[in-house]
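A.B. asks:
Numbering (mature numbering (1 follows the signal peptide of the UniProt record, and there is no 0)), first residue to last: -24 to -1, 1 to 187.
Below you can see the structure in the form of structure tokens.
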């Protein structure tokens, strides 16, 4: 047995030294079980997208993980994709894009989550949303220009179509490299979700190839 182990180790070292590929350990994440392949071809560059809504309690719960993930993995860009799963959520999709366009997303994003899930004060309508952004220092004119714009309607339509294309039916949903849609419940824990994102993004392979 020791001889066999020694031969396996020696052959692995020889392969590495000669430049031949060494087989990596089998992944614990399986297509069709832990994630779904939504398209044959995604992005070559690492990318993580989160489909979310401010009204979603699970989205609020995952915020701490997402913040930690971004700080620990700066080589994997994170993009938020607001999603309207029912008519009552549409106002929050608007709020995300308005905050982004007005350059106050760094304030509005966390404050909206806190207002809804901690203060228990959801937005009551368009006037309430306008007052929220004005409280962040946005002028009424600047707000109106964005809130009534064709650009905003385009963003709403595009995000809806993108979610449909990737068969996103719940929030939060994580999509890696515009190709791998994770099943958070099947993967289980936040550390494993992070591991799956890193593995599927190919960021480690890219780093190894660059060395």
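Backbone N, C-alpha and C define an ideal beta-carbon position, used for all residues, glycine too.
On the DSSP bridge list, what partners appear for residue 140?
C.D. replies: DSSP, once it has assigned bridges, lists no residue as partnering residue 140.
A.B. asks: So is residue 176 buried or exposed if we call it buried at 16+ other beta carbons inside 10 Å?
C.D. replies: Result: buried.
A.B. asks: Under the DSSP definition of a beta bridge, which residues are partnered with residue 7?
C.D. replies: Per DSSP, 11.
A.B. asks: For residue -2, count neighbouring Cβ atoms within 10 angstroms of its own Cβ and tell me buried if that reaches 16, exposed if not.
C.D. replies: With a pLDDT of only 33 at residue -2, under the threshold of 50, the placement of this residue in the model should not be trusted, and no figure is reported.
A.B. asks: Taking only three categories from DSSP, how would you classify residue 77?
C.D. replies: Here residue 77 sits in helix by DSSP.
A.B. asks: So residue 71 packs on residue 86, CB below 8 Å; how close in whole Å?
C.D. replies: Residue 71 to residue 86, Cβ: 12 Å. No contact.
A.B. asks: How about the stretch 95 to 102 and the stretch 58 to 74: do they share at least three Cβ pairs that are nearer than 8 Å?
C.D. replies: The stretch 95 to 102, when compared against the stretch 58 to 74, does touch it at the 8 Å Cβ threshold.
A.B. asks: Check whether the Cβ atoms of residue 153 and residue 19 sit closer than 8 Å, and answer yes or no.
C.D. replies: Yes, the Cβ-Cβ distance between residue 153 and residue 19 is below 8 Å.
A.B. asks: Tell me whether the stretch 127 to 142 and the stretch 1 to 8 touch, counting them as touching only if at least three CB pairs, one residue from each stretch, are closer than 8 Å.
C.D. replies: No, they do not touch.
A.B. asks: Pick from 13, 145, 172 and 115: whose alpha carbon is nearest that of residue 28?
C.D. replies: Selected option, being the one with the closest Cα: 145.
A.B. asks: Please report how far the alpha carbon of residue 137 lies from the alpha carbon of residue 106, in whole angstroms.
C.D. replies: About 26 Å.
A.B. asks: Measure the alpha-carbon distance for residue 156 versus residue 46 and round it to whole angstroms.
C.D. replies: Rounded to the nearest angstrom, the two C-alpha atoms are 18 Å apart.
A.B. asks: Which one of 171, 117 and 135 has the shortest CA to CA distance from residue 56?
C.D. replies: With distances taken between Cα atoms, residue 56 lies closest to 135.
A.B. asks: Run through DSSP, which three-state label would residue 94 get?
C.D. replies: DSSP places residue 94 in coil when its eight states are reduced to three.
A.B. asks: Are the CB atoms of residue 150 and residue 160 nearer to each other than 8 Å?
C.D. replies: For residue 150 and residue 160, yes; Cβs fall inside 8 Å.
A.B. asks: Tell me the rounded alpha-carbon separation between residue 37 and residue 158.
C.D. replies: Distance between the alpha carbons of residue 37 and residue 158: 17 Å.
A.B. asks: DSSP three-state call for residue 57: helix, strand or coil?
C.D. replies: DSSP places residue 57 in strand when its eight states are reduced to three.
A.B. asks: Taking the continuous beta strand (DSSP E) assigned at residue 156, which residues delimit it?
C.D. replies: Segment 156 to 158, the beta strand (DSSP E) holding residue 156.
A.B. asks: Just the C-alpha distance for residue 110 and residue 119, rounded to the nearest angstrom, thanks.
C.D. replies: Residue 110 and residue 119: Cα-Cα distance of roughly 8 Å.
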